[in-house]
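Engineer:
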Amino acid sequence: MSVKIYIPRDSAALSVGAFEVAEGIKAKGGDDVQIIATGSRGMLWLEPLVEVETPEGRVAYGPVQPEDVKSLFDADFLKGGDHKLRQGLTEEIPYFAKQDRLTFARVGVIDRLSLEDYEAHGGLKGLKAALSMTPEKIVEEVLESGLRGRGGAGFPTGIKWKTALAQTSEQKYICANADEGDSGTFADRMLMEGDPFSLIEGMIIGGRAIGAQTGYVYIRSEYPHAIRVMRRAVKAMEDAGWLGQNIGGSDAHFDLHIRVGAGAYICGEESSMLESLEGKRGQVKVKPPIPAISGLFNKPTIVNNVLTLATVPFILSEGAKTYADYGQGRSRGTQPFQLAGDVAQGGLIEMAFGVTIEEIVNEFGGGTRSGRPVKAVQIGGPLGGYLTPEQFSTSLGYESLSEAGGMIGHGGIVVYNDTTSMMKMARYAMEFCELESCGKCTPCRIGSVRGKETLDKIAAGDDVAANLDVLDDLCDLMEEASLCAMGGLTPMPVRTAMKAFPEEFTGPLEKAAE
Amino acid sequence: MVTLLNTVEDKFAREICRDHGDKSDELLEILHAVQHEKGHLSDGALRTIAQALNISRAEIHGVVSFYHDYKREAGAQFTLHICRAEACQAVGADELITEAETLFDVKLDGGGEDVALAAAYCLGNCALGPAVLVNEKLYGRVDKAKIKAIAAQHMAQNS
Numbered sequence: 368m369s370v371k372i373y374i375p376r377d378s379a380a381l382s383v384g385a386f387e388v389a390e391g392i393k394a395k396g397g398d399d400v401q402i403i404a405t406g407s408r409g410m411l412w413l414e415p416l417v418e419v420e421t422p423e424g425r426v427a428y429g430p431v432q433p434e435d436v437k438s439l440f441d442a443d444f445l446k447g448g449d450h451k452l453r454q455g456l457t458e459e460i461p462y463f464a465k466q467d468r469l470t471f472a473r474v475g476v477i478d479r480l481s482l483e484d485y486e487a488h489g490g491l492k493g494l495k496a497a498l499s500m501t502p503e504k505i506v507e508e509v510l511e512s513g514l515r516g517r518g519g520a521g522f523p524t525g526i527k528w529k530t531a532l533a534q535t536s537e538q539k540y541i542c543a544n545a546d547e548g549d550s551g552t553f554a555d556r557m558l559m560e561g562d563p564f565s566l567i568e569g570m571i572i573g574g575r576a577i578g579a580q581t582g583y584v585y586i587r588s589e590y591p592h593a594i595r596v597m598r599r600a601v602k603a604m605e606d607a608g609w610l611g612q613n614i615g616g617s618d619a620h621f622d623l624h625i626r627v628g629a630g631a632y633i634c635g636e637e638s639s640m641l642e643s644l645e646g647k648r649g650q651v652k653v654k655p656p657i658p659a660i661s662g663l664f665n666k667p668t669i670v671n672n673v674l675t676l677a678t679v680p681f682i683l684s685e686g687a688k689t690y691a692d693y694g695q696g697r698s699r700g701t702q703p704f705q706l707a708g709d710v711a712q713g714g715l716i717e718m719a720f721g722v723t724i725e726e727i728v729n730e731f732g733g734g735t736r737s738g739r740p741v742k743a744v745q746i747g748g749p750l751g752g753y754l755t756p757e758q759f760s761t762s763l764g765y766e767s768l769s770e771a772g773g774m775i776g777h778g779g780i781v782v783y784n785d786t787t788s789m790m791k792m793a794r795y796a797m798e799f800c801e802l803e804s805c806g807k808c809t810p811c812r813i814g815s816v817r818g819k820e821t822l823d824k825i826a827a828g829d830d831v832a833a834n835l836d837v838l839d840d841l842c843d844l845m846e847e848a849s850l851c852a853m854g855g856l857t858p859m860p861v862r863t864a865m866k867a868f869p870e871e872f873t874g875p876l877e878k879a880a881e
Numbered sequence: 442m443v444t445l446l447n448t449v450e451d452k453f454a455r456e457i458c459r460d461h462g463d464k465s466d467e468l469l470e471i472l473h474a475v476q477h478e479k480g481h482l483s484d485g486a487l488r489t490i491a492q493a494l495n496i497s498r499a500e501i502h503g504v505v506s507f508y509h510d511y512k513r514e515a516g517a518q519f520t521l522h523i524c525r526a527e528a529c530q531a532v533g534a535d536e537l538i539t540e541a542e543t544l545f546d547v548k549l550d551g552g553g554e555d556v557a558l559a560a561a562y563c564l565g566n567c568a569l570g571p572a573v574l575v576n577e578k579l580y581g582r583v584d585k586a587k588i589k590a591i592a593a594q595h596m597a598q599n600s
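Protein sequences appear in the order of chains Y and U.
Using the numbering used here, read the first sequence as starting at 368 and increasing by one per residue.
Using the numbering used here, read the second sequence as starting at 442 and increasing by one per residue.
1) Determine whether the Cβ of ARG556(Y) lies closer than 8 Å to any Cβ atom of chain U.
2) With a CB to CB cut of under 6 Å and the five nearest residues on each side skipped, what residues in its chain are close to GLN695(Y)?
3) GLU470(U) touches chain Y at which residues, Cβ-Cβ below 9 Å?
4) Whose C-alpha, out of GLN432(Y), TYR373(Y), SER407(Y) and LEU413(Y), is nearest the C-alpha of THR421(Y)?
5) Out of PRO375(Y), GLY608(Y) and ASN544(Y), point me to the one whose CA is closest to SER639(Y)'s CA.
6) Suppose only complete runs of 4+ residues qualify. What are the alpha helix (DSSP H) ranges in the region 513-549 of chain Y, listed by chain order?
7) Any idea if THR539(U) is buried or exposed, counting beta-carbon neighbours within 10 angstroms, 16 or more meaning buried?
8) Do we get a CB-CB distance below 8 Å when we pair TYR753(Y) with the residues of chain U?
9) In terms of alpha-carbon separation, which member of LEU822(Y), GLY384(Y), ALA659(Y) and VAL400(Y) lies closest to THR535(Y)?
10) Would you give the residue range spanned by the alpha helix (DSSP H) that THR539(U) belongs to?
11) Does any residue of chain Y bring its CB to less than 8 Å from the CB of ALA531(U)?
12) With DSSP collapsed to three states, give me the class of PHE799(Y).
13) Quick one: does ALA880(Y) have its CB under 8 Å from some CB of chain U?
14) With H, G and I counted as helix, E and B as strand and the rest as coil, what does DSSP make of ALA879(Y)?
15) Give every residue of the same chain whose Cβ lies closer than 8 Å to the Cβ of SER804(Y), excluding the five residues on either side of it in the sequence, and list them in chain order.
16) How should MET368(Y) be labelled, buried or exposed, when 16 other C-beta atoms within 10 angstroms of its C-beta is the threshold for buried?
17) So which residues of chain Y does CYS563(U) contact, with C-beta pairs closer than 9 Å?
18) Distance, Cα to Cα, ASP546(Y) vs HIS777(Y)?
19) Could you compute how far the alpha carbon of ARG453(Y) sits from the alpha carbon of VAL419(Y)?
20) Please report the distance separating the alpha-carbon of GLN518(U) from that of ASP466(U).
21) When DSSP labels each residue in this structure, what does PHE507(U) get in the three-state scheme?
22) To test your reading of the DSSP string, which unbroken beta strand (DSSP E) runs of 3 or more residues are found completely within the region 666-716 of chain Y?
23) Alpha carbon to alpha carbon, how far is PHE444(Y) from GLY490(Y)?
24) Keeping to the same chain, check which residues put their C-beta closer than 6 Å to that of GLU881(Y); ignore five residues upstream and five downstream.
25) Could you tell me which residues DSSP puts in a beta bridge with PRO375(Y)?
26) DSSP three-state call for PHE621(Y): helix, strand or coil?
27) Going along the chain, which residues of its own chain have a beta-carbon closer than 6 Å to the beta-carbon of ARG376(Y), five neighbours each way excluded?
28) Please report the residue range of the beta strand (DSSP E) in which HIS522(U) lies.
29) Please check if any C-beta of chain U sits within less than 8 Å of the C-beta of ASP618(Y).
30) With DSSP collapsed to three states, give me the class of ARG453(Y).
31) Does the beta-carbon of GLU637(Y) have 16 or more other beta-carbons within 10 angstroms, so that it is buried, or is it exposed?
32) Any beta-carbon of chain Y closer than 8 Å to the one on ASP463(U)?
33) What residues in the region 694-718 of chain Y bring their beta carbon closer than 9 Å to a beta carbon of chain U?
34) Applying the criterion that 16 or more other CB atoms from any shown protein chain within 10 Å of the CB defines a buried residue, is ARG550(Y) buried or exposed?
35) Going by beta carbon distance, what residues of the same chain come within less than 7 Å of ARG498(U), once the five residues before and after it are set aside?
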C-alpha cells in the first residue's frame, strides 16, 4: 500500500518550493507514495513542510528543498525515519500544539478540494444543522457566540445579520470580503487555499439566516492562487448539490460568484467593495444607510470577512457556547493571528483572545530572524499602531489593544528590529494613504500628501517644532473628518511611532541615528 | 453619413462582454479578461466594451484609471511585482528594490522593455518576505541572487 504524504499547495509554501519538492518525491517514490495537496499548517518558517502518515500520526519534515528528497528517502522517511529535517509528530510541535484551532481546524490537515475529506473532518455539519433551523434561530446562535467581525472593525456579526434579516426585500445579498490588503496579514488567503469549503459553508448559512440567495466572494487580484482554488471549490460544491437549487435536498437555494478585485486597497472597505462589485470605481460611500439596509444594488447586504464567515459553521455545529467559552471580556472566541516581518518563526497562530503580545512575538515567534533586538511591532495592518516591547504584556483583544492605543484589526503582527527608522515608517503610512486613498474626502486625499510633506520637513530639520504642531493638527483633522478608516486611522501608525520614539522626530535622520 | 462613434469593433472585447452577459456590473471581470489576453486595454477595446455594456466611455475611463491593475499601454514582456509593504520592508524589501533596479537597469514603476519592476502592496506572503509575484507565481525569501534567477527563468519561458 502506498504511503500518504501531505504537502501544502498553499501559495506561501509554493513560494519557497513546495511544488518542486512534491514533484521530486513523486518521481522518486512512484507507486509507493500518494501525495495529498493540503493547505499550510501555518508554521511558515518550516515550509515546505512535508508530512508522512505513520501509525503514530503524521511525522513532519521541514523546511524541505528539492535537493533534500534523496536523503529523505535514504533515511526511510516513508516510515518516519530520522533525518536532520525531522520535526517529530506535526501535532506535537509546540508551536502547533499550543494553539486553539477552531476556524483553522482543517487547514493543513485535509485535501483542500476533497468534499469527502471535508465531511470526514466535520465539514457540512454546521450547514446541515442550519438547514433545519429557522433564520431567527441561526441569527440568535451567532449572536450568542459573541462572534465579531474579523476584518478589523469588530462589529458583532449577529447584530449585522439581525438587521439584514429584519429587512423585507425579495432580493438580499451576502458578500465575503476577501480583499485582504493589510500588510502582515494572510489568514484569509490561507483559509481560502487550505479549507475553501468552510468559507462557502459559512456563506450558505449566512444566506439562509438573512434570506439571501446570492453571494459574492470579492478576492483581491494579488491572490491568483486563492482565486483558482475558490473557483474550483465553488464548482465542486455545485456538482455535489450544495450550491444552486434545493441545496442538500432542502428547499434552500444559494448561488455563489467569485469576483476579482483590481489592485485597490480601499476596496477592503465595505462600501467601496460593494461599489466595486457593481463594476464601478471603488469609492467609499457615506453611511447611513448601512449595507444591511441598503447595500449591493441598493438591496439589503451583509458584508463579512472571510474568517468571520468561515467560523460560522463551527458555531452552528458545536454550539454558540462552545465558541464563546474561548476568549476574554467582550472579545469572544479565537483570532487567527498572523506573525510576520523580522521574526524567526513567522506564521499563523490561532489563539483565544487574551494571549499577550509577548507570548506571540517571543514564545511563538522566537524573537527576530535577524537576531537583532525587537524595536517595535505593528498590529492590525498599515492603519494599526506601533507598540514597543514595554507594552508586550498587553493582551490581544479588541478592548485591551484599544486601551493600549492600538487596534487588533485583522490580527496581523509585524515585527521590526532596531535598525528600523520610525520616521521612515511614519512617512510610509502617509505615503500609502496617498497612494490608496479613493479620493472622495479631502482629509484623506490631501491630508496624506500634506502629512508626507510635513514629515519630510521635520526629517530635514525645517522648523521642527512648528511642523510637529502642524502634523498634530493634521492628524486630528484626518481622524475626525475622514469618511472611512483609511483616512481616519492613517494617523494611528504615525502618532504611535512619534509617541514611542519622539527622538526620531526632531530633525535630520542622520542626527537621530547618532 | 456622419459617424459619431468609431464603430470598428474589437472582436475579442465584444466576445468577452457577451460571455459576461453584457452586464455592466461585470466590468472589472471583463477588463481583467481583455487585459489578460492582450496585455493592456486599448482605446478600441474600451470603446467596444462601452457600447456592449451601454455605459459611457467616461465611466469606463473612471474605472480603468481608478484601479492600479489596469494598463492602458503595452508594457514590458514581464513584470516583477516586488512587495514593499511593511512586513517585507521589515526584512529588507527596500534594499531588494534598489538591487533589482541596478540589476535590470529600470526604475520601480518606471516601465521597461523586457523587464519592468512594479511595487506591490502586500502579496500575502508576509512571513516569508521579501515577496515577489511574476506571472501569477509567488516567490518568498527573495534576495538578489534569487530575483536574478527568477527573471532568467521567466525570460527563458517567454522566448
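Think of the CB as a built atom: it goes at the ideal place given N, C-alpha and C, for glycine as much as any other residue.
As the structure is a prediction and not an experimental result, all values here were calculated from the model.
Structural biologist: The relevant details are as follows:
1) Within the first sequence, numbered from 1, the residue matching residue 556(Y) stands at position 189. Between ARG556(Y) and chain U, the shortest Cβ-Cβ separation is below 8 Å.
2) Numbered from its first residue, the first sequence carries residue 695(Y) at position 328. Cβ neighbours of GLN695(Y) beyond the five flanking positions: PHE720, GLY721 and GLY764.
3) Counting from one through the second sequence, the residue named residue 470(U) turns up at place 29. By Cβ distance, chain Y contributes ARG626, VAL627 and GLY646.
4) Position 54 of the first sequence, counted from the start, is the residue given in the question as residue 421(Y). Scanning GLN432(Y), TYR373(Y), SER407(Y) and LEU413(Y) for the CA closest to the CA of THR421(Y) turns up TYR373(Y).
5) Taking the first sequence and counting its residues from 1, the one referred to as residue 639(Y) is at position 272. Here the closest residue by C-alpha is ASN544(Y).
6) Every alpha helix (DSSP H) stretch that sits fully inside the region 513-549 of chain Y and reaches 4 residues is listed by chain position as 524-533.
7) For the purposes of this step, residue 539(U) is taken as the residue at position 98 of the second sequence. So THR539(U) ends up on the exposed side.
8) Here residue 753(Y) refers to the residue found at position 386 of the first sequence. Cβ-Cβ to chain U under 8 Å: no for TYR753(Y).
9) Position 168 of the first sequence, counted from the first residue, corresponds to residue 535(Y). The shortest C-alpha separation from THR535(Y) is found at ALA659(Y).
10) Numbered from 1 along the second sequence, position 98 holds the residue referred to as residue 539(U). Secondary structure note for THR539(U): its alpha helix (DSSP H) is the uninterrupted segment 534-545.
11) In the second sequence, residue 531(U) corresponds to position 90, counting from 1. It does: the Cβ of ALA531(U) has a partner Cβ on chain Y nearer than 8 Å.
12) Counting from one through the first sequence, the residue named residue 799(Y) turns up at place 432. If DSSP states are grouped into helix, strand and coil, PHE799(Y) belongs with the helices.
13) The sequence position of residue 880(Y) within the first sequence is 513, counting from 1. Here the model assigns ALA880(Y) a pLDDT of 46, short of 50, so the residue's position is not dependable, and the following value carries that caveat. For ALA880(Y), the answer is no, since every Cβ of chain U falls outside 8 Å of its Cβ.
14) Indexing the first sequence from 1 puts residue 879(Y) at position 512. For ALA879(Y), the predicted structure reports a pLDDT of 46, less than 50, and the residue's modelled location is therefore unreliable. A value from the coordinates is still provided. ALA879(Y) falls in the helix class under three-state DSSP.
15) Within the first sequence, residue 804(Y) is the residue found at index 437, counting from 1. Excluding positions up to five away in sequence, the list reads ILE633, CYS811, ARG812, SER815, MET853 and GLY854.
16) The sequence position of residue 368(Y) within the first sequence is 1, counting from 1. By the neighbour-count rule (16 or more Cβ atoms within 10 Å), MET368(Y) is not buried but exposed.
17) As a working mapping, residue 563(U) is identified with position 122 in the second sequence. The contacting residues are GLU547, GLY548, ASP549, SER550, GLY551, THR552, PHE553, ARG587, GLU589, TYR632, GLY748 and PRO749.
18) Against the first sequence, residue 546(Y) aligns to sequence position 179. Against the first sequence, residue 777(Y) aligns to sequence position 410. Rounded to whole angstroms, ASP546(Y) to HIS777(Y) spans 11 Å at the Cα level.
19) In the first sequence, the residue the question calls residue 453(Y) occupies position 86. In the first sequence, the residue the question calls residue 419(Y) occupies position 52. Each residue's Cα considered, the two are about 11 Å apart.
20) As a working note, residue 518(U) is residue 77 in the second sequence. As a working note, residue 466(U) is residue 25 in the second sequence. Across the structure, GLN518(U) and ASP466(U) are spaced so that their CA atoms are roughly 31 Å apart.
21) By 1-based counting over the second sequence, the position of residue 507(U) is 66. Look at PHE507(U) here: in three-state DSSP terms it is helix.
22) Qualifying beta strand (DSSP E) stretches, in chain order: 668-672 and 701-708.
23) Counting from 1 along the first sequence, the entry for residue 444(Y) is found at position 77. Counting from 1 along the first sequence, the entry for residue 490(Y) is found at position 123. Here the alpha carbon of PHE444(Y) sits roughly 31 Å from the alpha carbon of GLY490(Y).
24) The residue you call residue 881(Y) lines up with position 514 of the first sequence. Low confidence applies here, because GLU881(Y) scores a pLDDT of 44, under 50, leaving its location unreliable; read the following figure in that light. Counting only Cβ-Cβ distances below 6 Å, and skipping sequence neighbours, we find nothing.
25) Position 8 of the first sequence, counting from 1, holds the residue named residue 375(Y). THR405(Y), per the DSSP bridge assignment.
26) Translated into positions along the first sequence, residue 621(Y) becomes position 254. DSSP, read as helix, strand or coil, puts PHE621(Y) in strand.
27) Counting from 1 along the first sequence, the entry for residue 376(Y) is found at position 9. For ARG376(Y), the CB contacts under 6 Å within the same chain, skipping 5 residues up- and downstream, are ALA404 in chain order.
28) Within the second sequence, numbered from 1, the residue matching residue 522(U) stands at position 81. From DSSP, the beta strand (DSSP E) with HIS522(U) extends over 519-524.
29) Numbered from 1 along the first sequence, position 251 holds the residue referred to as residue 618(Y). No - not a single Cβ of chain U is within 8 Å of the one on ASP618(Y).
30) Your numbering for residue 453(Y) matches position 86 in the first sequence. Residue state, collapsed to three classes: strand.
31) For the purposes of this step, residue 637(Y) is taken as residue 270 along the first sequence, with counting starting at 1. So GLU637(Y) counts as buried.
32) The residue given as residue 463(U) occupies position 22 in the second sequence. ASP463(U) does not count as touching chain Y.
33) The region 694-718 of chain Y vs chain U, Cβ under 9 Å: GLN705, LEU706, ALA707, GLY708, ASP709, VAL710, GLN712, GLY713, GLY714 and LEU715.
34) Here residue 550(Y) refers to the residue found at position 183 when the first sequence is read from its first residue. Going by the sequence as given, residue 550(Y) is Ser instead of Arg. It counts as buried.
35) Residue numbering aside, residue 498(U) sits at position 57 when the second sequence is read from its first letter. Sequence-distant Cβ neighbours of ARG498(U) in its own chain, meaning closer than 7 Å and more than five residues away, are LEU487, ARG488 and ALA491.
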